[in-house]
Each structure stands twice: as C-alpha cells, then as structure tokens.
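Peer 1:
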Amino acid sequence: MHLEIFNEREGSTILIEFAGSKVKDLLDHLKLNPEAFLVVRNNEVVTEEEILQDQDKVELLSVISGG
Amino acid sequence: MRCNKCPQKSVFSLQHGDLCRNHFIDYFEDKVFKTINKFQLIGRNEKLCVAVSGGKDSLTVLYLTKKYLEKNSIPANNLLALAVDEGIDQYREKTLVDLRKFCQEHNVPLTIVSFEQELGKTLDKAYPIINQDANKKPCNVCGVWRRYLLNKHAKKMGAGKVITGHNLDDEAQAIMMNMFKANTTLAARLGPISGVQEHDLFIQRVKPLYFCAEKEVRLYALLKHFQIEFTECPYSKEGYRHHIQEMLNDFEHKYKGTKQGIVNSFLAMLPLLQNQEKLSLPTIQQCSRCREASNKDICNACVMKETIQNV
Chain A
744 MHLEIFNERE
754 GSTILIEFAG
764 SKVKDLLDHL
774 KLNPEAFLVV
784 RNNEVVTEEE
794 ILQDQDKVEL
804 LSVISGG
Chain B
559 MRCNKCPQKS
569 VFSLQHGDLC
579 RNHFIDYFED
589 KVFKTINKFQ
599 LIGRNEKLCV
609 AVSGGKDSLT
619 VLYLTKKYLE
629 KNSIPANNLL
639 ALAVDEGIDQ
649 YREKTLVDLR
659 KFCQEHNVPL
669 TIVSFEQELG
679 KTLDKAYPII
689 NQDANKKPCN
699 VCGVWRRYLL
709 NKHAKKMGAG
719 KVITGHNLDD
729 EAQAIMMNMF
739 KANTTLAARL
749 GPISGVQEHD
759 LFIQRVKPLY
769 FCAEKEVRLY
779 ALLKHFQIEF
789 TECPYSKEGY
799 RHHIQEMLND
809 FEHKYKGTKQ
819 GIVNSFLAML
829 PLLQNQEKLS
839 LPTIQQCSRC
849 REASNKDICN
859 ACVMKETIQN
869 V
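Here the protein sequences come in this chain order: A and B. So the first sequence is numbered by the numbering used here: it starts at 744 and just counts up by one. So the second sequence is numbered by the numbering used here: it starts at 559 and just counts up by one.
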C-alpha cells in the first residue's frame, strides 16, 4: 500500500510504499518508538493495533516536546 | 479497536484495555484529581501559582487546576500563571505566543519574567560565559535560574504553592538520573510535593500530573484541542536526561509499566530517604546578595550572575 507520512518532529512529509498492515508495523518499519509518538490517521487518533489502508494520510506526532 | 467501556473507536491502549476519546478524557482527569486529593496538593484558601511555558504539560496542568477549583467550588481568582522566558532563540518566543492566548481564553492572569531582565543576560549569552570556568551544560544554568525566579516571583505574588506540569516520565527520568549519579540529596527532593523541609523562604512545588505518562498528556492536550505548536528546546539533546529518556522509552516499549514501577518503588522508599536527608540538612539562610533562600552565603543563582558581570 501507499501511505503519506507526516513526521511532526522533523517537519517533513514523505510518501512510502508499505508492505505491513498495522500502525505498530509502520512504526517498527520507520524505526520509531511508539512511546515517543502518537499516530493520527486521516485526522483521527489511532492505536498501534489499527489496520492501515492504501492512500492513508498518517501524522506522527511527537510526544516529547519542550525541554 | 473498540473502547472497553462503550462501542466507540479507541484512541489509547492501557495495560488493562482500550479507551475511546471521552473515556480517555474521563480516565485522565480522574487520575489528576485523585492525585491532587491523595497528596493534598491544593488547599482551599491559598493562592496558587502555576508555572507555565506554553507547552502541553503546563497548559494541561493549568486547565485542570482551574477545572479542579471550579469542581470543588474554590474561587478561581486565587489562580495565577507565571512563565520564565529563558532567552533561547527560536524556541521560547513561540511557546509564549500560545501561552498568552491560552491564559486570555481561560481568564487566568499571566506574569512573564525573563533571565535577561532579572539576571542580566539571556541563557544563550550567559551559559558560554559560565561554562568557561566550570563544566556546566546550559540545562544546569537554566535549572538553577528557573527555580530561582519561580520561587522568587511566586513568593512575591503571595502564592502558597507553585504548581508544575511535571509528569510520570519526568519523574521516572529524575529518579534514574539521581540513582545513576548516587545523588540521594536531590532524590529526596522529588515526589508529588518537592522539598524535604518547609521554610518561609521556599514555596512548595506540587505536581498534579505526577502519575500521567507524557504520551497521555500529549493525547489529552490534542483531544482538548489546546493550541500547541511543536517545539523542542535546542539544548535538550545535550543533557544527560535525554539519554535516560531514550533508555526508559526503550524499556517501556519492551516491558509495559516500567516507568510506573520506577515511580511506585521510589514513593515507597521516599519517606526513608527524606528522614535520612533531614539529619544532614544544611541550615537555610538568606543569600547575602539577593536575600533569597540559600544554603551558602551566596546562592547559586547569584554566583552565576556575578560570573557574567565580572567578564
């Protein structure tokens, strides 16, 4: 499937081809720790068990902010 | 995935089940209010000063403190917000914009004090000078000056408590940092109420978000639509804390409940630690320069200030 990924921490958007199915697989694929990110799919907050669909727009929001 | 309590879609997974938006908000607020009650963090007739930055933690604790007061019919005009502008380029000015707007919307008076006005230089300009003679990172300078200004101005405002947005992650990190560095004196000052001894010169600092994970706080702020622009202190990655934070997040991912376990174990040991520290506490005196609390003739904040002035 094809996904559009916005990473808040980096302020960047990328398009990727993804062979997995769940949000947790995506985070694993991107080597991101789920403890450090909230995931929003098509403007809805989702859990790590959520199954992604082709053409989904995914936002990765950083849990860690401030200093 | 569905909520464990209703047919709505879940937004958060806990160890014992999933929660939808509304049930997560209830769960989160309940946890904060229970913490306030259990540790008696807020008195009925005292002025409260919330230490704010404009980030998710401080806006959440400010919002929920106000909600707690309203829920318990405590006059909200006792609530004040106090921010410290450290003078970090491209960072603090952004969060202060959100903060001013938030305080205006929620009708909480806001006072902003700055390192530059109070101590002579911004953090950006001060720490390279202070670091010339001592191996101090910006975080050490920042920590000393922030605590100094918060205490000084909260006292000036007549506050009985300073409320901070420290969360479970902050506390677990601080516990491990002190453990790794064998700093039992600093460890004894942790807990939902900071400090080992009460003194007229010190305003107690209390932490209503003590049992809320950082991820939960971020989600709460998001679900409540608090306007928060993502910002990260440019110095945060230089600190020891950053390495501990990454380590604990890795552990939490592999072994759920690690951070909670660290904090719970620490709370069981804290009374023993505090009793031990009370035996060797230095006498609190007034700094000969600024008249604020100090355990030496000149307090750390003034020592740093004089280092800058002498250049």
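All residues carry an ideal CB built from backbone N, CA and C; glycine is no exception. On a predicted model such as this, the values are computed, not experimentally measured, just so you know.
1. Give a yes or no on contact between the segment 731-740 of chain B and the segment 654-672 of chain B, applying the rule of three or more CB pairs nearer than 8 Å.
2. Pop quiz: A:V788 and B:V569 are said to be a contact at Cβ under 8 Å. What is the actual Cβ separation, rounded to whole angstroms?
3. Give the secondary structure of A:S764 by DSSP, where H, G and I count as helix, E and B as strand, and everything else as coil.
4. Please list the partners that A:V806 has in chain B, where partner means a Cβ-to-Cβ separation under 7 Å.
5. Bridge partners for A:V783 per DSSP, in chain order?
6. Can you tell me whether DSSP reads B:T593 as helix, strand or coil?
7. Does the beta carbon of A:A762 come closer than 7 Å to any beta carbon on chain C?
8. I want to see whether chain B comes within less than 7 Å of A:N776, judged by CB atoms only; does it?
9. Using a Cβ-Cβ cut-off of less than 8 Å, list which residues of the segment 609-638 of chain B approach chain A; keep chain order.
10. Measuring only between beta-carbons, confirm whether A:E802 sits less than 7 Å from chain B.
11. I need the boundaries of the alpha helix (DSSP H) containing B:D647, first residue and last residue.
12. Which residues in chain B sit within 8 Å of A:T790, going by Cβ to Cβ distance?
13. State the DSSP-derived secondary structure class of B:C607, mapped to helix, strand or coil.
14. Beta-carbon within less than 8 Å of A:A779's beta-carbon, same chain only, minus the 5 sequence neighbours each way: which residues are those?
15. Indicate whether B:K817 and B:L726 have their beta-carbon atoms separated by less than 7 Å.
16. Tell me, which residues are paired with B:F788 by DSSP?
17. Sorted by chain position, which residues of the same chain lie with C-beta nearer than 6 Å to A:L770's C-beta, five sequence neighbours on each side aside?
18. Would a C-beta distance cut-off of 7 Å place B:M559 and A:T756 closer than the cut-off?
19. Residues of chain B with CB closer than 7 Å to the CB of A:E751, please, in chain order.
20. Under 8 Å: do the segment 699-717 of chain B and the segment 593-603 of chain B share three or more Cβ pairs, one atom per stretch?
21. Could you tell me whether the segment 707-719 of chain B touches the segment 633-643 of chain B, where touching means 3 or more Cβ pairs closer than 8 Å?
22. For B:N689, would you say it is in contact with chain A, using Cβ-to-Cβ distances shorter than 7 Å as the test?
23. Going by other Cβ atoms of all chains shown within 10 Å of its Cβ, with 16 needed for buried, is B:R849 buried or exposed?
24. Is the beta carbon of B:I866 less than 7 Å from the beta carbon of B:G575?
25. Helix, strand or coil for B:L839? Go by DSSP, reduced to three states.
26. B:H757 CB to nearest chain A CB: under 7 Å?
27. Output yes if chain A places a C-beta closer than 7 Å to the C-beta of B:H811; else output no.
28. For B:K624 and B:Q785, I'd like the C-alpha separation in whole angstroms.
29. Measure the CB-CB distance between A:I748 and A:V801 and report whether it falls below 7 Å.
30. Determine, for B:N807, whether the minimum Cβ-Cβ distance to residues of chain A falls below 7 Å.
31. Would you mind listing the beta strand (DSSP E) stretches within the segment 714-786 of chain B that are 3+ residues and don't spill past its ends, in chain order?
32. Report back the beta-carbon spacing between B:I670 and B:K719 to the nearest angstrom; my notes put them in contact at under 8 Å.
33. With distance defined between alpha-carbon atoms, name the residue in B:V861, B:C860, B:I820, B:T742 nearest to B:V838.
34. Taking B:L780 as the query, report the chain A residues whose CB atoms sit under 9 Å from its CB, ordered along the chain.
35. Within 8 Å, do at least three Cβ pairs link the segment 761-777 of chain B to the segment 605-623 of chain B?
36. Just grab the DSSP bridge partners of B:D643 for me.
Peer 2: In short, the structure shows the following:
1. Of all C-beta pairs linking the segment 731-740 of chain B to the segment 654-672 of chain B, fewer than three are shorter than 8 Å, placing the two stretches out of contact.
2. About 4 Å separates the two Cβ atoms, so the contact holds.
3. In the three-state scheme derived from DSSP, where H, G and I count as helix and E and B as strand, A:S764 is classed as coil.
4. Chain-ordered, the chain B residues with CB closer than 7 Å to the CB of A:V806 read E772, K773, R776.
5. According to DSSP, which records beta bridges pairwise, A:V783 is partnered with A:V788, A:E802.
6. It is helical.
7. You won't find chain C in this structure, because its protein chains are A and B.
8. By this cut-off, A:N776 is an interface position.
9. Residues of the segment 609-638 of chain B with a C-beta atom less than 8 Å from some C-beta of chain A are S611, G613, K614, D615, listed in chain order.
10. Judged by the 7 Å Cβ criterion, A:E802 is not in contact with chain B.
11. Taken as a continuous stretch (DSSP letters only), B:D647 belongs to no alpha helix (DSSP H), as it is neither H nor E.
12. Close to A:T790, with beta-carbon spacing below 8 Å, are these residues of chain B in chain order: M559, S568, V569, F570, S571, D576.
13. Under the three-state reduction of DSSP output, B:C607 falls in the strand class.
14. These residues qualify, in order along the chain: S805, V806, I807.
15. Yes, the Cβ-Cβ distance between B:K817 and B:L726 is below 7 Å.
16. Per DSSP, none; premise fails for B:F788.
17. In its chain, beyond the 5 residues on either side, P777 have a beta carbon closer than 6 Å to the beta carbon of A:L770.
18. The answer is no: Cβ separation not under 7 Å.
19. The answer, in chain order, is F788.
20. Between the segment 699-717 of chain B and the segment 593-603 of chain B, the count of C-beta pairs closer than 8 Å stays below three; the two stretches do not touch.
21. Yes: the two stretches touch, three or more of their Cβ pairs being nearer than 8 Å.
22. B:N689 has a beta carbon lying at 7 Å or more from every beta carbon in chain A.
23. Around the beta-carbon of B:R849, fewer than 16 other beta-carbon atoms lie within 10 Å, marking it exposed.
24. B:I866 places its beta carbon 7 Å or farther from that of B:G575.
25. Residue state, collapsed to three classes: coil.
26. B:H757 does not count as touching chain A.
27. B:H811 counts as touching chain A.
28. Rounded to the nearest whole angstrom, the C-alpha separation of B:K624 and B:Q785 is 17 Å.
29. With a cutoff of 7 Å on beta-carbon distance, A:I748 and A:V801 are scored as near each other.
30. Yes, because at least one Cβ of chain A sits closer than 7 Å to the Cβ of B:N807.
31. With a minimum length of 3 residues, the continuous beta strand (DSSP E) runs that stay inside the segment 714-786 of chain B are 719-721, 762-764.
32. That pair is no contact at about 20 Å.
33. It is worth fixing the name first, because residue 838 of chain B is Ser in this sequence and not Val. Ranked by Cα distance from B:S838, the options B:V861, B:C860, B:I820, B:T742 are led by B:T742.
34. Under the 9 Å cutoff, chain A gives L781, V783, V788, L804.
35. Yes: at least three Cβ pairs fall under 8 Å.
36. Partner(s): B:S672.
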